[in-house]
Every structure is written in structure tokens, then in C-alpha cells.
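Structure first, then comments.
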Amino acid sequence: MTAQLRHLNSICGLEQWRDAVIAHAEPHRDWSFSAQQCQEWTRTITTVLGRMRDAGVLGPEAEPDALATGLVAAFQGGLLLARMTRDTTSVKIALDMAVDRVKGFATGRPADSGSGSLPDG
């Protein structure tokens, strides 16, 4: 999932990542994350959202650090509930809400076409 994150450059890409995470979020699967893994996801998402902001996909008021923390927290919280209820609906709801927050900063400008990803900054 981290590799897919690194190549995001659009809201559509973020939604596709969310859908992939939800598809793999089986309640019986061990999704234990170390602190290092959580930090890696947060750093990666922060970088991606920062590049999206710099490219004009997200408005200048978007705060990549806060949005990344929200996405990771939504995933972790959704998984915790999924384990307790044996139902992944909570993962979908939490990630949908977090992605909707990011979408609130979208400018409507598409990512630059070409390679499919933003240049490494």
C-alpha cells in the first residue's frame, strides 16, 4: 500500500488508494502496524498531499501534515472497530470521511498529465 501511496497525484488516485485499502481490510487479517510503519505512512501521505498542494490540485490552505494524520487515524480507528465488530464497514466510513476532508481542499484542477505521478520534490 505504501508503494501505491507514493504515486498518488490526484483526488481520484486518493480514492483508488482508499478503495484498495478497504478491499484488503478484512477483520480477521492482522493489520498490526508498528510505530515506524505508521510514521512511514504519515510521512508518505504528507509528502504526496504537499506535492498535490504545490501542483494546485489542493488549495494553498490545505495542511498536508494534519490531513495525513487524519487519514492514518481514520484507517487505524476503522480497523480497531472492524476487529471488534468483525465488519469492515467502519473502515470504509472512517476513510470516506477522511478522504472527503481532503476533497474539501480540492481546487478542481487535475494533476498534470504525463507520467501519472508528480515529480519528486
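At position 80 of the sequence shown the residue is numbered 76 (the working numbering), and the sequence of numbers has no breaks. Just so you know, even glycine gets a beta-carbon here, dropped at the ideal spot from N, CA and C.
- One thing to note: Val87 has its Cβ no nearer than 8 Å to the Cβ of Cys34.
- A straight-line Cα-Cα distance of about 12 Å links Asp50 and Phe101.
- The stretch 72 to 85 makes no contact with the stretch 44 to 63; the number of CB pairs closer than 8 Å stays below 3.
- In the same chain as Ile18, and ignoring 5 residues on each side of it, the C-beta atoms closer than 6 Å to its own belong to Val87 and Lys88, in chain order.
- Per DSSP, the continuous alpha helix (DSSP H) segment holding Leu1 begins and ends at Thr(-2) to Arg2.
- Beta-bridge partners of Ala78 (DSSP): none assigned.
- For Val95, the enclosing alpha helix (DSSP H) starts and ends at Thr85 to Lys99.
- Of the candidates Leu75, Thr85, Gly73 and Met48, the residue whose Cα lies closest to the Cα of Lys99 is Met48.
- Under DSSP, Ala102 takes part in a beta bridge, and its partners are Leu54.
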